[in-house]
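Those protein sequence lines, which keep their order, are chains A and B.
Each residue of the first sequence is one higher than the last, beginning at 367 in this note's numbering.
Each residue of the second sequence is one higher than the last, beginning at 22 in this note's numbering.
What follows is a short report on a single structure.
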Amino acid sequence: MSDVFFPKMTGDGAENGVLATWYVADGEQVKAEQLLAEVALDKVDAEVLAPGDGVVRLVVEEGAEVAQGALIARLE
Amino acid sequence: MSTVAENALAEAAVRAALPVEPPAGNRKLNTAKAIQEAIGAEMEHDDCVFVMGEDVGAYGGIFSSTTGLLERFGPQRVIDTPISETAFIGLGIGAAVEGMRPVVELMFVDFMGVCLDQIYNHMAKIHYESGGNVRVPMVLMTATGGGYSDGSQHSQSLWGTFAHLPGMKVVVPSNPYDAKGLMAAAIRSDDPVVYMFHKGVMGLAWMAKNKRSIGAVPEEDYVVPIGKAKVVREGTDVTIVTLSLSVHHSMDVAEKLDPEGISVEVLDLRSVVPLDREAVVASAAKTGRVIVVDEDYQSFGLSGEIAATIAEHDPALLKSFSRVCMPDAPIPYARELEYAVLPTPARIEAAVRTAVQA
Chain A
367 MSDVFFPKMT GDGAENGVLA TWYVADGEQV KAEQLLAEVA LDKVDAEVLA
417 PGDGVVRLVV EEGAEVAQGA LIARLE
Chain B
22 MSTVAENALA EAAVRAALPV EPPAGNRKLN TAKAIQEAIG AEMEHDDCVF
72 VMGEDVGAYG GIFSSTTGLL ERFGPQRVID TPISETAFIG LGIGAAVEGM
122 RPVVELMFVD FMGVCLDQIY NHMAKIHYES GGNVRVPMVL MTATGGGYSD
172 GSQHSQSLWG TFAHLPGMKV VVPSNPYDAK GLMAAAIRSD DPVVYMFHKG
222 VMGLAWMAKN KRSIGAVPEE DYVVPIGKAK VVREGTDVTI VTLSLSVHHS
272 MDVAEKLDPE GISVEVLDLR SVVPLDREAV VASAAKTGRV IVVDEDYQSF
322 GLSGEIAATI AEHDPALLKS FSRVCMPDAP IPYARELEYA VLPTPARIEA
372 AVRTAVQA
């Protein structure tokens with residue numbers, strides 16, 4: 367089991383970003399390196415890839431404002 | 022048979038070997054990533070394929086059509102150009118004539134004004150003028166459409182203009198699945214193809230995004246044939262003939278009206294040239310009521326061509342015909358004014374309600 371976090375996108379990590387797009391559904395089987403989400407902060411986008419194989423559990427909803435470094439999903 | 026002809030046939034057989042519209046599977050992409058994947062796969066298969074345009078390299082295309090390609094294939098095959106569309110489109114044509122397969126990005130279709138001579142007098146004519154002896158296997162990829170306050174010179178659709186000028190195929194994907202398969206087909210085509218993606222279907226995090234801009238895309242290579250429309254929703258009361266972002270809006274309206282017992286068929290043209298006239302006539306014959314939803318200008322364009330296609334087949338086929346298009350005026354910058362002229366779901370819904378009374 368591993369946790370997936372919103373990436374650190376600014377130097378001080380102070381601003382919140384947005385979970386722009388989930389590319390997987392809650393409960394879906396995913397493979398390592400698979401695209402899980404796109405996140406956005408101040409008009410910069412970043413991809414979040416799966417850290418390993420597993421069943422993904424989404425912790426935040428699409429469109430939600432999220433702190434950098436916050437938990438966004440778990441892999442079981 | 023000459024060796025050249027034999028090689029061409031063998032090459033065509035290899036290109037034709039890709040699966041046609043396989044099952045979508047589970048993996049999801051947005052349309053931008055689907056386009057990147059198709060271009061990347063074709064570059065892997067064929068050293069003759071290369072990408073050129075403004076900010077297609079390090080920046081990855083301003084609407085992310087080429088993200089990651091520079092890192093994979095290097096600056097000799099992913100070439101950032103100066104801001105001179107005439108020069109780099111001409112360069113693409115020359116490369117294509119010499120046997121390369123360039124994918125050239127015109128950043129906004131609106132910019133065709135500065136380079137149209139290269140496009141319609143050269144790219145679109147060389148294969149005719151040479152009696153088919155000189156082919157131009159080039160893809161001219163370009164961003165279209167409005168809805169995000171980019172003003173009259175960055176918001177047009179203009180596929181009707183390219184379709185009106187003979188000699189170019191014109192493809193207009195509405196979703197990630199079609200975008201990947203149509204790009205593979207476009208690069209493999211021996212003819213010039215204008216590949217027009219609406220910024221609103223790319224599924225970009227920084228733009229307003231429709232849920233249908235993210236969808237399942239096979240990981241394998243495949244083609245969506247150029248010139249084949251798709252019934253994306255079956256219905257019996259009225260047909261919406263549409264393309265690009267307007268497919269998304271039309272589907273939203275169809276789903277909204279379904280509980281009221283209004284059954285809307287939605288036909289996604291996917292290509293404007295060749296136009297799948299059979300699919301248009303078949304759906305018109307089925308419902309007897311046709312609405313064309315087109316983000317391009319209303320007059321002298323695609324919507325009139327659809328009406329003519331049906332009338333030439335059988336003038337008595339229709340009980341009702343109407344159009345939801347851009348009025349014949351430049352597209353406003355102000356959001357309220359822009360949304361007054363765009364083919365919005367509200368306008369589409371009103372047209373459907375009127376049509377079913379007929």
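Glycine included, each C-beta is placed from N, C-alpha and C at the ideal position.
Contacts of residue i in chain B (Cβ-Cβ under 7 Å)
i	result
A/E404	A226
Close Cβ partners of residue i (< 7 Å) along its chain, the five nearest in sequence each way excluded
i	result
A/A406	G383, V384, A386
B/R297	This sequence places Asp at residue 297 of chain B; Arg is not what is there. Result list for B/D297: G248, K249, A250, L290, in chain order.
A/M375	G383, L407, V410, A412, Q434
Nearest residue (CA-CA) to residue i, options the options
i	options	result
B/E65	B/K249, B/I208, B/A145, B/V192	B/I208
A/E413	A/F371, A/V421, A/E404	A/E404
B/V287	B/H270, B/S343, B/V193	B/H270
B/V77	B/T330, B/V124, B/M228	B/V124
B/Q139	B/F109, B/L90, B/A59	B/F109
B/I327	B/M347, B/S304, B/K146	B/S304
B/F16	B/V215, B/E63, B/A59	Summary: the structure shown does not reach residue 16 of chain B, with chain B confined to residues 22 through 379, and so no result is reported for it.
A/K397	A/L441, A/D419, A/S368	A/D419
B/L264	B/E281, B/A229, B/W227, B/G221	B/G221
B/V301	B/V252, B/G188, B/L266, B/G236	B/V252
B/V274	B/E63, B/E370, B/M159	B/E370
B/R122	B/E92, B/S210, B/A379	B/S210
B/Q97	B/A79, B/Y141, B/G111	B/A79
B/T375	B/M347, B/R310, B/I352	B/R310
Cross-chain neighbours of residue i in chain B, by beta carbon under 8 Å
i	result
A/K409	W227
A/T387	N51, G224, A226, K230, I235
Host beta strand (DSSP E) of residue i (start-end)
i	result
B/V252	251 to 254
B/V222	Counting along the chain, B/V222 falls outside any beta strand (DSSP E), and DSSP gives it neither H nor E.
B/V77	Careful: B/V77 lies outside any beta strand (DSSP E) and carries neither H nor E.
B/I129	According to the sequence as given, residue 129 of chain B is Phe; it is not Ile. B/F129 -> beta strand (DSSP E) spans 122 to 129.
B/T375	Counting along the chain, B/T375 falls outside any beta strand (DSSP E), though it belongs to the alpha helix (DSSP H) covering 366 to 378.
B/R291	Unbroken run through B/R291: none, as it is neither H nor E.
A/E431	431 to 433
A/I438	437 to 441
Own chain, CB closer than 6 Å to residue i, minus 5 neighbours either side, in chain order
i	result
B/V238	L50, A55, P197, Y198, K201
A/V370	I438, A439
B/G181	D317, G322, L323
B/T87	V72, V77, G81
B/D131	Q174, H175, Q177
B/C136	E106, T107, I110
B/I235	K49, N51, G224
Below-9 Å beta-carbon distance, residue i vs any chain D residue
i	result
A/V384	Absent here is chain D; the protein component of the structure consists of chains A and B.
Sequence-distant residues of its chain with Cβ nearer than 8 Å to residue i (five each side left out)
i	result
B/Y243	L39, P40, V41, E42, P43, K201, G202, A205
B/V191	W180, F183, A184, V214, V215, M217, S292, V293, V294
B/K307	T257, T260, E286
B/I104	E75
B/S85	A53, K54, Q57, M223, L225
Enclosing alpha helix (DSSP H) for residue i [first to last residue]
i	result
B/V274	266 to 278
B/K201	197 to 209
A/E413	Counting along the chain, A/E413 falls outside any alpha helix (DSSP H), though it belongs to the beta strand (DSSP E) covering 410 to 415.
B/L323	323 to 334
B/S304	298 to 308
A/A403	Here A/A403 belongs to no alpha helix (DSSP H); instead the beta strand (DSSP E) covers 401 to 407.
B/V362	356 to 362
B/I147	147 to 150
Closer than 8 Å: residue i CB and nearest the ligand SAM heavy atom
i	result
A/L402	Summarising the ligand content, the structure contains no ligands, and the ligand SAM is consequently not present.
Minimum length 3: unbroken beta strand (DSSP E) runs contained in the segment 154 to 195 of chain B: 160 to 165, 190 to 192
In chain order, each beta strand (DSSP E) run of at least 3 residues that lies wholly inside the segment 59 to 108 of chain B: 70 to 74, 99 to 101
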